[in-house]
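In order, the protein sequence lines correspond to chains A and B.
Note that the numbering used here numbers the first sequence so that position 81 is 90, with each residue one more than the last.
Note that the numbering used here numbers the second sequence so that position 35 is 956, with each residue one more than the last.
One structure below.
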Amino acid sequence: ETGVTQTPRHLVMGMTNKKSLKCEQHLGHNAMYWYKQSAKKPLELMFVYNFKEQTENNSVPSRFSPECPNSSHLFLHLHTLQPEDSALYLCASSQEAGEWNEQFFGPGTRLTVL
Amino acid sequence: AQSVSQHNHHVILSEAASLELGCNYSYGGTVNLFWYVQYPGQHLQLLLKYFSGDPLVKGIKGFEAEFIKSKFSFNLRKPSVQWSDTAEYFCAVNAGSGTYKYIFGTGTRLKVLA
């Protein structure tokens, strides 16, 4: 595998379920990001991890819980979501978190909350 | 708050037509500017970027963008589009000085007719 991979690619869950999204990067990068992409809205940055430390939490509700066990893996744990949380969740990575670094994106997980 | 505006949401062109997609941002300080492209069924990928220096930036596949500081703009151009340029194009801004935050526009869907 090369680049940034995300699993699952599609997820349907009820509001009472608990699920996790997984992201893995094979680029040797040290920063990883979660974005939310909703229809007709800009990509919204959710979380940033730099060298496994969370450096940004963009006022994300606590029903979204990120985890970064190492520089190659990033998880987004989901619980008691709302229908308005349905969106495409994109993971990205960059060499480091900072203004000079190009981000490489994964294919996304299409989440539907019923 | 910082924001990025892409005024053209949908653009339809015939092959060989010239393309210009608008991008305006609101931030008065130093910025780093990006255009990303998402081809159908593929990941977001970097098209070109501007950090400093020559305000006319050349990217992949014949695309270029011009940074006009006085207009807070970073428009994307291509002299002659091809059917394979059909994609969604996103402008992004990173307000330098150590911030990890990228602000994306809502995207412009380009359809090129063969």
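No residue lacks a Cβ here, since even glycine has one placed at the ideal position from N, Cα and C.
Keep in mind it's a predicted model, so treat the numbers as computed, not measured.
Does DSSP classify W956 (chain B) as helix, strand or coil? As a position in the second sequence, residue 956 (chain B) is number 35, starting the count at 1. In this structure, W956 (chain B) counts as strand in the three-state DSSP scheme.
From D1006 (chain B) to S935 (chain B), what distance separates their C-alpha atoms? For the purposes of this step, residue 1006 (chain B) is identified with residue 85 of the second sequence, where counting begins at 1. For the purposes of this step, residue 935 (chain B) is identified with residue 14 of the second sequence, where counting begins at 1. Taking the straight line joining both Cα atoms gives about 11 Å.
Check for me: the beta strand (DSSP E) holding A40 (chain A) runs from which residue to which? On the first sequence, position 31 is the one that residue 40 (chain A) refers to. Counting along the chain, the unbroken beta strand (DSSP E) around A40 (chain A) starts and ends at A40 to Q46.
Which partner residues does T118 (chain A) have in the DSSP bridge list? Along the first sequence, read from residue 1 onward, the residue named residue 118 (chain A) stands at position 109. Listed as beta-bridge partners of T118 (chain A) by DSSP are A:Y98.
Please work out which residues of its chain come closer than 8 Å, Cβ to Cβ, to V952 (chain B), disregarding the five sequence neighbours upstream and downstream, and give them in chain order. Within the second sequence, numbered from 1, the residue matching residue 952 (chain B) stands at position 31. The answer, listed in chain order, is Y946, V1014, N1015, A1016 and G1017.
Beta-carbon of T1027 (chain B) versus every beta-carbon of chain A: anything under 8 Å? If you number the second sequence from 1, residue 1027 (chain B) lands on position 106. Against chain A, the CB of T1027 (chain B) has a partner CB under 8 Å away; the residue lies at that interface.
So, helix, strand or coil for E936 (chain B), using DSSP? Within the second sequence, the letter at position 15 stands for residue 936 (chain B). Three-state DSSP puts E936 (chain B) in coil, outside helix and strand.
Residues of chain B with CB under 8 Å from E111 (chain A), in chain order? Within the first sequence, numbered from 1, the residue matching residue 111 (chain A) stands at position 102. The answer, in chain order, is F955, L967 and K970.
Are the beta-carbon atoms belonging to M22 (chain A) and L97 (chain A) less than 8 Å from one another? Looking up residue 22 (chain A) in the first sequence gives position 13. Looking up residue 97 (chain A) in the first sequence gives position 88. Not in contact: M22 (chain A) and L97 (chain A) (Cβ atoms no closer than 8 Å).
Is the beta carbon of E7 (chain A) sitting closer than 8 Å to the one on F73 (chain A)? With chain A running from 10 to 123 in the structure shown, residue 7 (chain A) is simply not present.
Delimiting residues of the beta strand (DSSP E) encompassing E1010 (chain B): Position 89 of the second sequence, counting from 1, holds the residue named residue 1010 (chain B). First, the amino acid is wrong: residue 1010 (chain B) is Tyr here, not Glu. First-last of the beta strand (DSSP E) with Y1010 (chain B): A1008 to N1015.
Burial state of W1004 (chain B), where buried means 16 or more other Cβ atoms lie within 10 Å: Position 83 of the second sequence holds residue 1004 (chain B). It counts as exposed.
Nonlocal neighbours in the same chain, by C-beta distance under 6 Å from Y971 (chain B), ignoring five residues either side: On the second sequence, position 50 is the one that residue 971 (chain B) refers to. Contacts found: L954, V978 and F988.
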